[in-house]
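In the UniProt record's numbering, the protein residues as written are 1 to 296. From the three backbone atoms N, C-alpha and C, an ideal C-beta is built for every residue, glycine too. A short write-up of the structure that comes next.
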Amino acid sequence: MGRTGDSGSDPADAAIRLHDAGRRYGLRGPWVLREVGLGVRAGALTRVQGANGTGKSTLLRLLARIDAPTEGRVHGRPRTAYVPERFPAALPFTAADYLTHMGRVHGLTGAAAARRAHEWLDRFGAGAHARTPLPELSKGSSQKVAVAQALLAEPGLLVLDEAWTGLDAAARDVLDRAVAEHTATGGAVVFVDHDPRRLAGLADETYEISGTGVRRRTEQTAPAPAAAGPTVVIEVRGPLGARLPPGLPGTAEPGPDADTRRLLVAAPQSDLVLRELLTASPPWHVVGVRAAEERR
Ligand SMILES: Nc1ncnc2c1ncn2[C@@H]1O[C@H](COP(=O)(O)OP(=O)(O)OP(=O)(O)O)[C@@H](O)[C@H]1O
Numbered sequence: 001m002g003r004t005g006d007s008g009s010d011p012a013d014a015a016i017r018l019h020d021a022g023r024r025y026g027l028r029g030p031w032v033l034r035e036v037g038l039g040v041r042a043g044a045l046t047r048v049q050g051a052n053g054t055g056k057s058t059l060l061r062l063l064a065r066i067d068a069p070t071e072g073r074v075h076g077r078p079r080t081a082y083v084p085e086r087f088p089a090a091l092p093f094t095a096a097d098y099l100t101h102m103g104r105v106h107g108l109t110g111a112a113a114a115r116r117a118h119e120w121l122d123r124f125g126a127g128a129h130a131r132t133p134l135p136e137l138s139k140g141s142s143q144k145v146a147v148a149q150a151l152l153a154e155p156g157l158l159v160l161d162e163a164w165t166g167l168d169a170a171a172r173d174v175l176d177r178a179v180a181e182h183t184a185t186g187g188a189v190v191f192v193d194h195d196p197r198r199l200a201g202l203a204d205e206t207y208e209i210s211g212t213g214v215r216r217r218t219e220q221t222a223p224a225p226a227a228a229g230p231t232v233v234i235e236v237r238g239p240l241g242a243r244l245p246p247g248l249p250g251t252a253e254p255g256p257d258a259d260t261r262r263l264l265v266a267a268p269q270s271d272l273v274l275r276e277l278l279t280a281s282p283p284w285h286v287v288g289v290r291a292a293e294e295r296r
């Protein structure tokens with residue numbers, strides 16, 4: 001069985017690393033993972049894939065340190081936030097109180113945690129549910145809370161297990177952008193998603209689970225084609241006279257102020273463009289992103 005350690009993907013700058021890690025459930029349960037060696041780099045987007053039941057969630061729980069490996073070791077303790085595949089929605093909190101509580105768990109002051117709780121609920125279009133008890137939320141709103149609790153913590157490592165499932169299209173876009181911003185500012189993201197188009201072409205590393213082993217995939221997924229379809233307007237601000245990064249897809253035009261530009265980009269390429277802008281030197285500040293139809 002191929003071991004990721006054998007493929008040389010154990011970077012020294014890893015935020016977290018598994019060494020010969022194995023996991024089974026129960027004393028005599030079958031091994032789900034064995035001899036797994038992989039590192040997750042700071043500033044990188046890492047995808048984990050594999051057929052149903054192969055151990056994707058198990059691997060993510062090891063990386064999030066929710067579970068300890070049955071054998072082997074884990075190195076690195078980045079501050080980690082985790083969106084589980086199934087959010088425990090029956091907790092006795094309102095949405096805002098739960099998020100504030102989670103913010104405090106992650107070390108924020110009460111005031112900062114409460115502010116970010118409301119900011120993230122608003123960003124996900126769930127501001128109206130701030131005072132709704134978690135058990136009364138719809139599945140979609142509940143998932144927004146599940147994702148917001150991880151994002152508001154601004155962790156070093158963000159672990160997303162099917163986090164897009166159940167979100168509406170606008171909320172999925174918000175999460176896509178949050179992931180791009182997170183990696184652009186040096187955070188690490190590990191994700192699993194059943195949809196191969198999710199963040200297609202953006203992953204820096206892709207790991208495939210097969211049998212009890214994990215293999216690093218070396219081939220890059222081609223970026224999503226710029227198909228006809230929805231266009232988004234990205235308004236950015238940069239230093240006066242600065243040039244946009246070369247080779248950006250879409251078209252650019254002057255913005256409302258001398259230091260702003262408006263980019264018209266096919267929706268599937270907007271994350272790629274945001275990432276280029278945020279990682280440019282000097283970086284561009286993203287003023288806003290909206291559907292082209294809403295343009296005034
Ligand atoms: N808490 C647990 N107790 C016992 N067995 C478990 C537990 N969690 C997972 N397993 C088993 O470990 C194996 C891998 O499960 P896991 O959920 O990690 O796979 P997955 O690839 O994420 O699955 P899916 O594609 O269905 O989300 C499965 O056989 C599953 O039944």
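With residue i and residue j assumed to form a contact (beta carbons below 8 Å), what rounded beta-carbon distance in angstroms separates them?
i	j	result
residue 29	residue 210	Contact flag wrong, Cβ pair sits at about 19 Å.
residue 23	residue 32	5 Å
residue 37	residue 19	6 Å
residue 288	residue 266	That pair is no contact at about 18 Å.
residue 164	residue 237	Not a contact, Cβ separation roughly 29 Å.
residue 190	residue 46	5 Å
residue 262	residue 253	5 Å
residue 48	residue 232	So it is not a contact: roughly 28 Å between Cβ atoms.
residue 175	residue 134	That belief does not hold up - the Cβ atoms of residue 175 and residue 134 are roughly 19 Å apart, past 8 Å.
residue 21	residue 62	6 Å
Could you tell me if the beta carbon of residue i falls within a distance shorter than 8 Å of some heavy atom in ligand 1?
i	result
residue 59	yes
residue 139	no
residue 82	no
residue 118	no
residue 159	no
residue 208	no
residue 51	yes
residue 56	yes
residue 213	no
residue 285	no
residue 26	yes
residue 22	no
residue 29	yes
residue 192	yes
residue 32	yes
residue 313	There is no way to answer for residue 313, as the model of the chain reaches only from 1 to 296.
residue 205	no
residue 85	yes
Can you tell me whether DSSP reads residue i as helix, strand or coil?
i	result
residue 99	helix
residue 212	coil
residue 160	strand
residue 23	strand
residue 368	With the chain represented from 1 up to 296, any question about residue 368 goes unanswered, as that position is not in the structure.
residue 217	strand
residue 121	helix
residue 136	helix
residue 110	helix
residue 202	coil
residue 131	coil
residue 175	helix
residue 16	strand
residue 154	coil
residue 170	helix
residue 197	coil
residue 252	strand
residue 237	strand
residue 115	helix
residue 104	helix
Just tell me which of the options has its CA closest to the CA of residue i.
i	options	result
residue 54	20, 213 and 96	213
residue 178	155, 280 and 106	155
residue 108	25, 152 and 172	152
residue 83	26, 99, 116 and 258	99
residue 122	16, 290 and 96	96
residue 126	232, 77, 142 and 200	142
residue 291	235, 114 and 204	235
residue 273	184, 91 and 148	184
residue 271	140, 87, 112 and 248	248
residue 161	246, 86 and 70	86
residue 147	204, 110, 195 and 89	89
residue 181	157, 194 and 196	157
residue 264	276, 196, 230 and 187	230
Please find out if some non-hydrogen atom of ligand 3 comes closer than 8 Å to the beta-carbon of residue i.
i	result
residue 162	Ligand 3 is absent from the structure shown, which contains only ligand 1.
>> List, from N- to C-terminal side, the alpha helix (DSSP H) runs of 4 residues or more that fit wholly inside the segment 41-95.
In response: 56-63
> Going along the chain, which unbroken runs of the alpha helix (DSSP H) with 4 or more residues stay wholly within the segment 265-294?
Replying inline: 270-279
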